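*Asks:* Residue numbers (our numbering), protein chains in the order written: chain A, 17 to 337; chain B, 107 to 364.
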Amino acid sequence: MTSVAVIGAGVAGLTVATVLAERGAEVVVVDRSPGLGPDQCSWYAGGMLAPWCEQENAEAEIVVLGQGAADFWAVRTPGVVRRGSLVIAPARDSRELRRFARRTENYEWLDRDGIDALEPALEGRFARALFFREEAHLDPRRALAALAARLTAAGCELRYGEETAPEAEWTVDCRGLAAAADLPELRGVKGEMLYISSRDVVLTRTIRLVHPRIPIYLVPRGDGIYMLGATSIENDERQRVTARSLVELLSAVYALHPAFGEAEVIETGAEARPAFPDNLPRLVCNGRRLHVNGLYRHGFLLAPAMAARAADIVLGKGAEP
Amino acid sequence: MDFYGFKTSSRLFLGTAQYPSPAVLEAAIRASGADIVTVSLRRESGAARAGQGFWDLIRSLGVRVLPNTAGCHSVREAVTTAEMAREVFETDWIKLEVIGEDDTLQPDVFGLVEAARILTDSGFRVFPYTTEDLVVAERLLQAGCEVLMPWGAPIGSGRGLNNVFALRAMRAHFPDVPLVVDAGIGLPSHAAAAMELGYDAVLLNTAVARAGNPAQMAAAFAQAVAAGRAAREADPMEPRDMAEPSTPVIGQAVLGDA
Numbered sequence: 017m018t019s020v021a022v023i024g025a026g027v028a029g030l031t032v033a034t035v036l037a038e039r040g041a042e043v044v045v046v047d048r049s050p051g052l053g054p055d056q057c058s059w060y061a062g063g064m065l066a067p068w069c070e071q072e073n074a075e076a077e078i079v080v081l082g083q084g085a086a087d088f089w090a091v092r093t094p095g096v097v098r099r100g101s102l103v104i105a106p107a108r109d110s111r112e113l114r115r116f117a118r119r120t121e122n123y124e125w126l127d128r129d130g131i132d133a134l135e136p137a138l139e140g141r142f143a144r145a146l147f148f149r150e151e152a153h154l155d156p157r158r159a160l161a162a163l164a165a166r167l168t169a170a171g172c173e174l175r176y177g178e179e180t181a182p183e184a185e186w187t188v189d190c191r192g193l194a195a196a197a198d199l200p201e202l203r204g205v206k207g208e209m210l211y212i213s214s215r216d217v218v219l220t221r222t223i224r225l226v227h228p229r230i231p232i233y234l235v236p237r238g239d240g241i242y243m244l245g246a247t248s249i250e251n252d253e254r255q256r257v258t259a260r261s262l263v264e265l266l267s268a269v270y271a272l273h274p275a276f277g278e279a280e281v282i283e284t285g286a287e288a289r290p291a292f293p294d295n296l297p298r299l300v301c302n303g304r305r306l307h308v309n310g311l312y313r314h315g316f317l318l319a320p321a322m323a324a325r326a327a328d329i330v331l332g333k334g335a336e337p
Numbered sequence: 107m108d109f110y111g112f113k114t115s116s117r118l119f120l121g122t123a124q125y126p127s128p129a130v131l132e133a134a135i136r137a138s139g140a141d142i143v144t145v146s147l148r149r150e151s152g153a154a155r156a157g158q159g160f161w162d163l164i165r166s167l168g169v170r171v172l173p174n175t176a177g178c179h180s181v182r183e184a185v186t187t188a189e190m191a192r193e194v195f196e197t198d199w200i201k202l203e204v205i206g207e208d209d210t211l212q213p214d215v216f217g218l219v220e221a222a223r224i225l226t227d228s229g230f231r232v233f234p235y236t237t238e239d240l241v242v243a244e245r246l247l248q249a250g251c252e253v254l255m256p257w258g259a260p261i262g263s264g265r266g267l268n269n270v271f272a273l274r275a276m277r278a279h280f281p282d283v284p285l286v287v288d289a290g291i292g293l294p295s296h297a298a299a300a301m302e303l304g305y306d307a308v309l310l311n312t313a314v315a316r317a318g319n320p321a322q323m324a325a326a327f328a329q330a331v332a333a334g335r336a337a338r339e340a341d342p343m344e345p346r347d348m349a350e351p352s353t354p355v356i357g358q359a360v361l362g363d364a
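#1: Does any C-beta atom of chain A lie closer than 7 Å to the C-beta of Gln124 of chain B?
#2: How would you label Thr93 of chain A, buried or exposed, when you count the other beta carbons within 10 angstroms and need 16 or more for buried?
#3: Which same chain residues end up closer than 8 Å to Leu167 of chain B when comparing Cβ atoms and leaving out the 5 residues on each side of it in sequence?
#4: Tell me the start and end of each unbroken alpha helix (DSSP H) in the region 121-160 of chain B that is at least 4 residues and wholly inside, in chain order.
#5: Give a yes or no on whether the minimum CB-CB distance between Arg231 of chain B and chain A is below 7 Å.
#6: Of all the options B:Glu350, B:Pro173, B:Asp208 and B:His179, which has the alpha carbon lying nearest to the alpha carbon of Glu196 of chain B?
#7: Where Val188 of chain A and Ser19 of chain A are concerned, what is the direct C-alpha to C-alpha distance, given to the nearest angstrom?
#8: For Gly111 of chain B, count neighbouring Cβ atoms within 10 angstroms of its own Cβ and tell me buried if that reaches 16, exposed if not.
#9: Does chain B have any CB closer than 7 Å to the CB of Arg203 of chain A?
#10: If you compare alpha carbons, which of A:Ser49, A:His227 and A:Ala21 is closest to Ala107 of chain A?
#11: So with CB distances below 7 Å, who are the chain B contacts of Arg249 of chain A?
#12: For Lys333 of chain A and His314 of chain A, what's the separation of their Cα atoms in angstroms?
#13: Assess contact between the region 102-118 of chain A and the region 150-157 of chain A, defined as three or more Cβ pairs (one per stretch) separated by less than 8 Å. Is contact present?
#14: Quick check on Trp257 of chain B: does DSSP put it in helix, strand or coil?
#15: My assumption, with CB atoms under 8 Å, is that Leu254 of chain B sits in contact with Pro281 of chain B. Please give the rounded CB distance.
#16: Could you pull out every residue in the same chain whose Cβ sits closer than 7 Å to the Cβ of Ala326 of chain A, ignoring the five residues on either side in sequence?
#17: Tell me the DSSP bridge mates of Glu287 of chain A?
#18: Any beta-carbon of chain A closer than 7 Å to the one on Pro128 of chain B?
#19: Could you round the C-beta distance between Gly121 of chain B and Asn311 of chain B to whole angstroms and report it? I think they count as a contact, below 8 Å.
#20: Kindly indicate if chain A contains any beta-carbon less than 7 Å away from that of Phe160 of chain B.
#21: Quick one: does Leu120 of chain B have its CB under 7 Å from some CB of chain A?
#22: Indicate the three-state DSSP secondary structure (helix, strand or coil) for Asp47 of chain A in the structure shown.
#23: In whole angstroms, what is the alpha-carbon distance linking Arg346 of chain B and Arg165 of chain B?
#24: For the beta strand (DSSP E) holding Tyr176 of chain A, just list the boundary residues, first then last.
#25: Expressed to the nearest angstrom, what Euclidean distance is found between the alpha-carbon atoms of Ala93 of chain B and Arg144 of chain A?
#26: What residues from chain A crowd round Ala298 of chain B, counting only those whose CB sits closer than 7 Å?
#27: Just list the residues that DSSP pairs Gln212 of chain B with in beta bridges.
#28: How many angstroms separate the CA atom of Phe276 of chain A from the CA atom of Ser214 of chain A?
#29: Within the continuous beta strand (DSSP E) that includes Trp199 of chain B, where are the two ends?
#30: Taking 7 Å as the threshold (beta carbon to beta carbon), is Ala156 of chain B in contact with chain A?
#31: Are the C-beta of Pro293 of chain A and some C-beta of chain B separated by less than 7 Å?
#32: So Asn251 of chain A packs on Ala74 of chain A, CB below 8 Å; how close in whole Å?
#33: Note down, in chain order, every chain A residue with its Cβ under 7 Å from the Cβ of Gly262 of chain B.
#34: Helix, strand or coil: which one does DSSP assign to Gly240 of chain A?
#35: For chain B, is any of its Cβ atoms less than 7 Å away from the one on Glu253 of chain A?
#36: Are the beta-carbon atoms of Pro294 of chain B and Phe327 of chain B separated by less than 7 Å?
See below:
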């Protein structure tokens, strides 16, 4: 049995540990934070499993890497919602919607009736939309907790508050931006987000509002709670949510539905996403230390494929469960 | 071409915002041939100059950096941002933007002139983002600017040259001042038109960054800028109201089934 130490219990680390454990490795996970929570970048993720939408502003490889993600999560965690993504634009930005359509694939055009049938709360508000039927989303916090519980149940050890990896045949480094000293090309891209709670507006799937300056997405978490994201700013600042970003995000969600004006802001958050210059994830092997990093805005979407590739390197391709 | 003593081989300045990734940005800069790129600092700097990673990446490209004050709405913000830019990029160049109106991102020309004076007095080489107003242009020159950058159209609108008459007048009024069309360029044909008017360079960002293939669009702009410049130097013909045959017709046989 191959022994593996995984450093970092964010989405990359827990997914890698899960796949390794499923393929028979003996896995210990360490994380410097006190537990699953706000010290981790993954805590602030949207949890969209939307490979085709992401193509609008990312390399085509995202689609290849991300297609299996919804299946991976649905088998292992509760709360994967497979209701597709709806991409809409205010009337004056309809050109942005056409642009979005040109850059993506695997969608259908909806008219007003089609939109109203899918999301009655939006009735009469938008004339056209793109519907990405095969996309899904999940609740990142529940998903991370579920993976951690599965690992513990399978006999793997999770050590919080520890930074040093124990002795093992392999070390898989999933520290995100904390590994920047070892990975000089890695940089932080700040993202800010909010949680809001609305009794008035019921939306059941991920909604993306396209806009030339302030594109937003809204991911339902159930019980009237929505995650609203996200900015993308070229710096590595963590935890500082600016007034401007809040104004922009909230104005955009107000444009989506004015009743969100009465929503309660229940949480704001900011983190720096780890990214390489091409904004694609990488496996970097240094002897028997393997880095899995650079998941950028696509943590939950790309972690399963990256974990499978990491396991292929650590255990050899033939090692199936 | 020479801007504040810096000799540039390209008449295309490229902005560095909004690209899908830094790798795509780098490819676009290479394809554009630009050796001057603009970088914004206001929002990226955060509380403690947190944008270092991205700025290092820009610096590593070996091009001349023209930091800008994008996102600044007051003289004070613009001056503070310029001072930070001078430290971060070790340059006295600053592209000065003082935004006066949020829908059009139109410059506040009064604040612009004031900020330009403060900055040139403290040693900056100012590239002011302005309108095509001749009086404002004159005041900017009086404030110490040696380059003027009038807009073609609102930032990011891609509408091309909205006021060709005024841009032509500006060129005629300031024959010896380096003039750069900044903002509003959407297509290579717009860039070529600016160069044909006699502008010394064009500055653009969104048209390349938001193209489906930024590097390919950057190359297209490089060709358009070169074509427009070459056309200007070649002394183009004047348009006429009447047709004037390019070959003589007198004495020529008339062919047909007579």
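Just so it is clear, CB atoms sit at the ideal spot from N, CA and C, and this is done for glycine as well.
Just so it is clear, the structure is predicted and the values come from calculations on it, not from any experiment.
*Replies:* From the atom records:
#1: Chain A, which has no Cβ nearer than 7 Å to the Cβ of Gln124 of chain B, makes this no.
#2: Burial call: buried.
#3: For Leu167 of chain B, same chain residues with a beta-carbon under 8 Å away, outside a window of 5 residues either side, are Glu132, Ile135 and Val143 in chain order.
#4: Runs found: 128-138.
#5: No, its Cβ sits nowhere closer than 7 Å to a Cβ of chain A.
#6: Its Cα nearest to that of Glu196 of chain B, the residue B:Pro173 stands out among B:Glu350, B:Pro173, B:Asp208 and B:His179.
#7: C-alpha of Val188 of chain A to C-alpha of Ser19 of chain A: approximately 11 Å in a straight line.
#8: Exposed.
#9: Closer than 7 Å to the CB of Arg203 of chain A there is at least one CB belonging to chain B.
#10: Each of A:Ser49, A:His227 and A:Ala21 was checked against the Cα of Ala107 of chain A, and the nearest Cα belongs to A:His227.
#11: Here residue 249 of chain A turns out to be Ile, not Arg, going by the sequence shown. One finds Arg149 and Glu150 in chain B with Cβ atoms closer than 7 Å to the Cβ of Ile249 of chain A, taken in chain order.
#12: Per the coordinates, the alpha-carbon of Lys333 of chain A lies some 25 Å from the alpha-carbon of His314 of chain A.
#13: Contact fails: fewer than three Cβ-Cβ distances are below 8 Å.
#14: Of the three classes helix, strand and coil, the one that applies to Trp257 of chain B here is coil, per DSSP.
#15: Rounded, the Cβ-Cβ distance is 12 Å, inconsistent with contact.
#16: Contacts found: Val32, Val188, Leu299, Leu306 and Val308.
#17: Per DSSP, the beta-bridge partners of Glu287 of chain A are A:Gly207.
#18: Residue contact check for Pro128 of chain B against chain A: a CB pair falls below 7 Å.
#19: Distance from Gly121 of chain B to Asn311 of chain B at the Cβ level is roughly 3 Å; contact confirmed, criterion being Cβ atoms closer than 8 Å.
#20: Yes - at least one Cβ of chain A is within 7 Å of the one on Phe160 of chain B.
#21: For Leu120 of chain B, no CB of chain A lies under 7 Å from its own CB, so it is not counted at the interface with that chain.
#22: Asp47 of chain A carries a strand assignment under DSSP once its states are collapsed to helix, strand and coil.
#23: Rounded to whole angstroms, Arg346 of chain B to Arg165 of chain B spans 49 Å at the Cα level.
#24: Unbroken beta strand (DSSP E) run through Tyr176 of chain A: Glu173 to Tyr176.
#25: Nothing about residue 93 of chain B can be reported from this structure: the residues present for chain B run from 107 to 364 only.
#26: The premise fails here: Ala298 of chain B is roughly 24 Å from chain A at the closest Cβ pair, so nothing lies under 7 Å.
#27: Answer is B:Glu207.
#28: Approximately 7 Å between the Cα atoms of the pair.
#29: From DSSP, the beta strand (DSSP E) with Trp199 of chain B extends over Trp199 to Leu202.
#30: So, interface residue.
#31: For Pro293 of chain A, the answer is yes, since a Cβ of chain B falls inside 7 Å of its Cβ.
#32: That belief does not hold up - the Cβ atoms of Asn251 of chain A and Ala74 of chain A are roughly 20 Å apart, past 8 Å.
#33: Those are Pro228, listed as they occur along chain A.
#34: Three-state DSSP puts Gly240 of chain A in coil, outside helix and strand.
#35: Closer than 7 Å to some Cβ of chain B, the Cβ of Glu253 of chain A qualifies, so yes.
#36: Between Pro294 of chain B and Phe327 of chain B, the CB-CB gap stays under 7 Å.
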